[in-house]
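Numbering (the numbering used here), first residue to last: 37 to 524. Notes follow the structure.
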Amino acid sequence: MAISPGKKEIDLEVDAVKVMSNYAAAENTEWGLPLEIDETYLAASKSAKFWRSVLFQMVLFGALSFVGPAMSDAISNLGGGGLSTPWLGNLANSLQYATGCMITLFGGPLINKIGIKWACVIAAFSMPLTGSGYYVSARYSVNWYLLTAQIIGGFASGFLYVAETTAMLSYPDPNDRGLFLGIWSAMRNSGSIIGGAINFSTNYTRSAAGSISWSTYLIFVGFECTGLLWALMLSATRKVRRSDGSKVATSPGLSWGGEFAALGKHIQRKKTWLVFIPAFYSFFYGGTMGTYLSLHFSVRARALSSLITPCITIPMVMLYGKLLDVKRWSQMQRACISFALWVIPQIGGFIWVGIEYHKFGRVKFALDYGLNTHRWAEAYLPYLFIFTTGYLCQLSLYWILGTFSTDVKANARTGGLFRAFETLGQATSYGINSRTGGDPRTAFYVNCALLALTIPCMAFLILLVPEAPAHYDNEADGPIIEGVAKTN
């Protein structure tokens, strides 16, 4: 039977009214889609809302990074873990990141099955191993404990790497993701400031080369022991709410077989392999530049560096995060600008370090800011440029990956692969720099080659950035069932 044009118009009007009523019921939209609002949450007390808020979860993740990775970074930023030579510390770090890579590679299925909170609890148990391992090695010359501690710590840290990445990509409103990434990175670097202050206050009189005071490591252990407290305070993902009461988008739970099948689909995507080289490169400089610092700077110059670097990084990442949220630019424009802001200084920094290595040759120096002020500044500034902009590199990659989907489970798979590539790069960097008597310039040349490969990969990755993220796993084609209101 034929339907009259008038009847069609009426049906269309009725459908439009239904859609608009659903939008009104949701009371909020994100990228044109209505969100499911938790009215009970909005009616709760201020303390209850803050406890479940995205902001408080970001603060807790920042606290975990403060007492975990930041303390480890503060030790690594001394060059060679603060030991008299960099080779053992680099080997320990290489083992840690290699084992972490094994967990993060399958981190998506693991996090989706056990949850973000409990993954952080597992990681928190291992945090004191890092400081205690370096303490035992520095004081008693027992190296097997350091290596064993870093291997165990690497396995456990892999859970935190994927959990925090998943939360960073999924919890914040897409329009505020840059701000929250900046807050998290600032809190992580705040831990490095504390660590740097500890390093400098206990080693400021030592103008020669060598190892730092072994008592320094005990202070780090004290901070690391608080990790379990922050992990237990986290809310389960299903209870987390944004400021407007909206839930975090979550797709249906899958069996273990389904999780690994979905992970397999992510691995096959072009986006995954375009991010491989940039992720591998993002923290590769840790081993390269840590060895540079250890071989050519005094103990107190290295301790001062571990304080200066995070002090400069914190305001940089906060401003950078705000830039990523500027709405007058499209997502692709913001991705291009954010890329240029870190890649140009890094190119200049590596050229400068190459010039410095040419001046050093194979000779080991102990440049000191008090005894060799001009030469120290000349050799240290490129290190500072590379280290500080390295955090911007990682934030830009986090932000770009977050533009594809807001679904928790999708981001767990994406984040796990990203952190696997990143930790593989770190393991390789520290591994190259762990050979006693090896030429430190070898790792530097590899780092430069990786930068050259990263530039075209980033360009092609930015071309894939969508204008609006999907609310489901757009790589594994799984629709979400929570977080977005239905419109039928």
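Cβ coordinates follow ideal geometry from the N, Cα and C atoms, glycine included.
Pairwise C-alpha distance: A134 and P105: Start at 1 with the first residue of the sequence shown, and residue 105 comes out as number 69. Start at 1 with the first residue of the sequence shown, and residue 134 comes out as number 98. Cα to Cα, P105 sits roughly 15 Å from A134.
Start and end residues, alpha helix (DSSP H) containing P105: Numbered from its first residue, the sequence shown carries residue 105 at position 69. Segment 105-112, the alpha helix (DSSP H) holding P105.
Residues near W378 in its chain [Cβ-Cβ closer than 7 Å; skip 5 each side]: Mapped onto the sequence shown, residue 378 falls at position 342. Correct list, in chain order: T425, L428, C429, S432.
Distance, F312 Cα to L453 Cα: Within the sequence shown, numbered from 1, the residue matching residue 453 stands at position 417. Within the sequence shown, numbered from 1, the residue matching residue 312 stands at position 276. So the two alpha carbons sit approximately 9 Å from each other.
Nearest candidate by alpha-carbon position, reference G125, set S108, F333, M138, G136: Here residue 125 corresponds to residue number 89 of the sequence shown, with the count starting at 1. Taking only the C-alpha atoms, the option nearest G125 is S108.
Under the three-state DSSP convention, the category S83 falls into: As a working note, residue 83 is residue 47 in the sequence shown. Note: S83 maps to helix in three-state DSSP.
9 Å Cβ cutoff met for S287 and K445: One-based indexing of the sequence shown puts residue 287 at position 251. One-based indexing of the sequence shown puts residue 445 at position 409. Their beta carbons are under 9 Å apart, which means S287 touches K445 by this criterion.
Reduced DSSP secondary structure (H/G/I, E/B, other) of R411: In the sequence shown, counting from the first residue as 1, residue 411 sits at position 375. Looking at R411 - three-state DSSP - the assignment turns out to be helix.
Cut-off 7 Å between Cβ atoms - residues of its own chain near S366, not counting five sequence neighbours on either side: Position 330 of the sequence shown holds residue 366. Closer than 7 Å at the Cβ level, and outside the excluded window around S366, lie E503.
Other residues of its chain near A485: CB distance less than 8 Å, five sequence neighbours each side excluded: The residue you call residue 485 lines up with position 449 of the sequence shown. Here the set comprises nothing.
Cβ-based neighbour list, W87, same chain, cut-off 8 Å, excluding 5 preceding and 5 following: For the purposes of this step, residue 87 is taken as residue 51 along the sequence shown, with counting starting at 1. Contacts found: S271.
Collapsed DSSP secondary structure at R277 in the structure displayed: Walking along the sequence shown from the start, residue 277 turns up at place 241. Note: R277 maps to strand in three-state DSSP.
L340, DSSP secondary structure in three states: Within the sequence shown, numbered from 1, the residue matching residue 340 stands at position 304. In this structure, L340 counts as helix in the three-state DSSP scheme.
Short Cβ contact (9 Å threshold) for G281 with Q462: Numbered from its first residue, the sequence shown carries residue 281 at position 245. Numbered from its first residue, the sequence shown carries residue 462 at position 426. Not a contact, by the Cβ cut-off of 9 Å.
First through last residue of the alpha helix (DSSP H) which encompasses P381: As a first step, residue 381 must be located in the sequence shown, where it is residue number 345. Element bounds for P381: 367-396.
Beta-bridge partners of K283, as assigned by DSSP: Numbered from its first residue, the sequence shown carries residue 283 at position 247. R277, per the DSSP bridge assignment.
Cβ-Cβ distance between I220 and M352 below 9 Å: Here residue 220 refers to the residue found at position 184 of the sequence shown. Here residue 352 refers to the residue found at position 316 of the sequence shown. Reading the sequence as shown, one finds Trp at residue 220 and not Ile. The answer is no: Cβ separation not under 9 Å.
The alpha helix (DSSP H) enclosing M204, as first and last residue numbers: Position 168 of the sequence shown, counted from the start, is the residue given in the question as residue 204. Here the alpha helix (DSSP H) through M204 covers 179-206.
Cβ-based neighbour list, I498, same chain, cut-off 8 Å, excluding 5 preceding and 5 following: Numbered from 1 along the sequence shown, position 462 holds the residue referred to as residue 498. Once the five neighbours on either side are set aside, the close Cβ partners of I498 are M368, A371, C372, F375, I436.
The region 462-471 touching the region 129-146, judged by at least three CB pairs closer than 8 Å: yes
Residue nearest to Y466 in terms of C-alpha spacing, selected from V90, F142, G98, W123: Stepping through the sequence shown from its first residue, residue 466 is reached at position 430. Of the listed residues, the one whose Cα sits closest to Y466 is W123.
Alpha carbon of L78 to alpha carbon of S101, nearest angstrom: The residue labelled residue 78 in the question sits at position 42 within the sequence shown. The residue labelled residue 101 in the question sits at position 65 within the sequence shown. Cα to Cα, the separation comes out at about 29 Å.
Secondary structure, alpha helix (DSSP H): runs of 4+ residues fully inside the region 258-335: 263-269, 292-304, 306-318, 321-332
Residue environment, D47, which counts as buried when at least 16 other CB atoms sit within 10 Å: Numbered from 1 along the sequence shown, position 11 holds the residue referred to as residue 47. Confidence at D47 is low in this model, with a pLDDT of 44, below 50, so its placement is unreliable and the value that follows should be read with caution. When all chains shown are included, D47 counts as exposed.
Three-state secondary structure (DSSP) of P505: On the sequence shown, residue 505 is found 469 positions in, with the first residue counted as 1. Correct three-state label for P505: coil.
Distance CB(N225)-CB(T349) smaller than 9 Å: The residue given as residue 225 occupies position 189 in the sequence shown. The residue given as residue 349 occupies position 313 in the sequence shown. Their beta carbons are under 9 Å apart, which means N225 touches T349 by this criterion.
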